[in-house]
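Heads up: the protein sequence lines correspond to chains A and B, in order. Count along the first sequence starting at 1, add 51, and that's the number in the working numbering. Count along the second sequence starting at 1, add 51, and that's the number in the working numbering. Ideal placement from N, C-alpha and C gives every residue a C-beta, glycine not left out. Report on the following structure.
Number of protein chains: 2
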Amino acid sequence: MITVLRLGHRIERDKRLSTHVALSARVLGCSGLLYSGEKDENMENSVNNVVKNWGGNFRISHIDDWKRKIKKFNGIKVHLTMYGIPFQDKMAELRKKKDMMIIVGGEKVPFEVYQMADYNLAVTSQPHSEVAALALLLHEYFQGKELEKAFPHAKRKIIPQERGKKVLGK
Amino acid sequence: MITVLRLGHRIERDKRLSTHVALSARVLGCSGLLYSGEKDENMENSVNNVVKNWGGNFRISHIDDWKRKIKKFNGIKVHLTMYGIPFQDKMAELRKKKDMMIIVGGEKVPFEVYQMADYNLAVTSQPHSEVAALALLLHEYFQGKELEKAFPHAKRKIIPQERGKKVLGK
């Protein structure tokens with residue numbers, strides 16, 4: 052079970068990026084997204100609508116006390132940061148653990164997060180995107196098997212096409 | 052040489068997502084981002100500032116006539132879309148080609164894009180994020196070697212840490 056914790060969501064600035072974090076987490080094998088900062092009903096609705104239409108059991112929840120959530124989490128805690136150790140060096144270790152929380156920061160990450168995490172991991176030591184970093188971490192963690200994940204109870208299903216769109220149940 | 056073409060950028064809605072597309076493209080081995088839609092000086096400045104501080108030769112440019120750019124591009128044209136063929140089935144073919152344009156859509160992608168692309172490829176047949184899709188495509192294309200890419204002429208350089216931040220030249 053992998054949970055993503057998105058810190059410090061701000062509706063105005065982050066609505067689309069946090070939604071992309073959530074949808075990428077869903078599709079790449081995570082069971083849910085917790086987020087702190089501003090509660091965002093619109094974001095929750097758009098993620099929940101994707102789950103309703105496209106299947107699976109992904110859950111999104113707002114939390115108030117992120118410190119408590121990290122402390123109480125019973126599993127390995129991975130903080131994604133460009134200042135950390137190259138993630139590819141730690142994948143074999145991470146794969147041995149069963150439950151994982153992946154912490155994805157906002158603009159300014161409190162120093163406590165670096166201390167509370169079991170691993171501070173970098174997907175390249177360069178500034179880029181928490182969405183890309185999360186995607187690559189999950190892809191390496193699952194070694195590509197996440198791409199074959201099934202989404203039960205879907206109302207809609209895409210039939211892959213060389214050109215154009217084919218959606219069942221639309 | 053890999054160029055990313057971002058279609059239909061809208062300043063208000065896409066400023067941060069298109070920036071994430073650009074920065075992910077830069078860090079994962081692309082040489083530049085072309086974008087159509089609204090010209091966005093702020094986005095260009097933030098990408099150019101990253102290049103100035105963190106090195107490499109990535110270029111971002113606004114274009115008016117995306118159809119012409121796609122048509123004239125001398126190389127393989129890959130359109131990322133959730134309606135396409137699973138990307139992992141085509142990676143061996145793509146790796147044989149030298150120059151590639153990766154087309155990343157906005158909200159509504161004109162049907163011509165599906166027709167003009169040599170490949171319409173899906174990173175899962177599920178809705179998620181163009182940033183995640185681009186990251187996974189590039190990671191598989193370069194088979195992880197992109198993570199060791201050097202960025203010449205950088206003013207700043209991160210020294211990876213287990214905990215905390217260490218930046219040279221700050």
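Query: Take B/V78 as the anchor and find which of A/L187, A/T70, A/Y192 and A/E197 has the nearest alpha-carbon.; Result: A/L187
Query: Since A/H190 meets chain B, which of its residues come closer than 7 Å, beta carbon to beta carbon?; Result: L187 and H190
Query: Is it true that the CB of B/V164 sits closer than 9 Å to the CB of B/R57?; Result: no
Query: Going by beta carbon distance, what residues of the same chain come within less than 8 Å of B/I39, once the five residues before and after it are set aside?; Result: Here chain B covers residues 52 to 221 and nothing more, so residue 39 of chain B does not appear.
Query: Just checking: is the beta-carbon of A/K118 within a distance shorter than 9 Å of some beta-carbon in chain B?; Result: no
Query: Answer with yes or no whether the minimum CB distance from A/F124 to chain B is below 9 Å.; Result: no
Query: CB A/F95 to CB A/R61, shorter than 9 Å?; Result: Per the sequence shown, the amino acid found at residue 95 of chain A is Glu instead of Phe. No; because the gap between Cβ atoms is not below 9 Å, this pair is not in contact.
Query: Quick check on DSSP: helix, strand or coil for B/H204?; Result: coil
Query: Is the CB-CB distance between B/E181 and B/L131 below 9 Å?; Result: yes
Query: Which residue wins for smallest C-alpha separation from A/T54, given the options A/F124, A/K118 and A/R119?; Result: A/F124
Query: Could you tell me whether any Cβ in chain B is nearer than 9 Å to the Cβ of A/E89?; Result: no
Query: Between which two residues does the alpha helix (DSSP H) containing A/K66 stretch?; Result: I62 to V78
Query: Just verifying my parser: in three-state terms, what is the DSSP assignment at B/M151?; Result: strand
Query: Just tell me which of A/T175, A/E197, A/Q212 and A/A143 has its CA closest to the CA of B/K196.; Result: A/T175
Query: Would you mind telling me which residues of chain B sit closer than 7 Å to A/T175, beta carbon to beta carbon, in chain order?; Result: V78 and L198
Query: Please classify B/S97: does DSSP put it in a helix, a strand, or coil?; Result: helix
Query: So for B/R214, helix, strand or coil by DSSP?; Result: coil
Query: Taking the beta carbon of B/H204 as the centre, do at least 16 other beta carbons fall within 10 Å, making it buried, or is it exposed?; Result: exposed
Query: Which residues in the same chain have their Cβ closer than 6 Å to the Cβ of A/L219, if we skip the five residues on either side of it in sequence?; Result: K208
Query: Have a look at B/G59 and B/W105 and give me their C-alpha separation to the nearest angstrom.; Result: 27 Å
Query: According to DSSP, simplified to helix, strand and coil, what is A/M52?; Result: coil
Query: List the endpoints of the continuous beta strand (DSSP E) containing A/K128.; Result: I127 to P137
Query: Going along the chain, which residues of the region 141-171 of chain B sit with their C-beta nearer than 7 Å to a C-beta in chain E?; Result: Considering every chain present, this structure includes no chain E. Its protein chains are A and B.
Query: Within the 9 Å Cβ cut-off, does A/G59 reach chain B?; Result: no
Query: Using only alpha-carbon positions, find the residue among B/R110, B/A173, B/I114 and B/K118 that is nearest to B/G135.; Result: B/A173
Query: Give me the chain B residues within the contact set of A/S82, using Cβ-Cβ distance strictly less than 7 Å, ordered along the chain.; Result: Result: empty, since nearest Cβ-Cβ is about 15 Å, beyond 7 Å.
Query: Could you compute how far the alpha carbon of A/A183 sits from the alpha carbon of A/Q177?; Result: 12 Å
Query: In terms of residues, what are the limits of the beta strand (DSSP E) holding A/L189?; Result: No beta strand (DSSP E) contains A/L189, which is instead part of the alpha helix (DSSP H) from E181 to F193.
Query: Measuring only the C-alpha atoms, how far is B/G107 from A/L68?; Result: 25 Å
Query: For the alpha helix (DSSP H) containing A/L145, name the first residue and the last one.; Result: M142 to R146
Query: May I ask you to list, following chain order, the residues of the region 63-75 of chain B that have a beta carbon less than 7 Å from some beta carbon of chain A?; Result: R67, L68, H71, L74 and S75
Query: Applying the criterion that 16 or more other CB atoms from any shown protein chain within 10 Å of the CB defines a buried residue, is A/F202 buried or exposed?; Result: buried
Query: Could you pull the start and end residues of the beta strand (DSSP E) that B/I121 belongs to?; Result: Per DSSP, B/I121 belongs to no beta strand (DSSP E); it is in the alpha helix (DSSP H), W117 to K123.
Query: So which residues on chain A does B/M94 lean against when the C-beta distance must stay under 9 Å?; Result: Within 9 Å Cβ-Cβ: nothing; B/M94 doesn't reach chain A, min ~14 Å.
Query: Checking 9 Å against the spacing of the C-beta atoms, do A/L198 and A/C81 come in under that value?; Result: no
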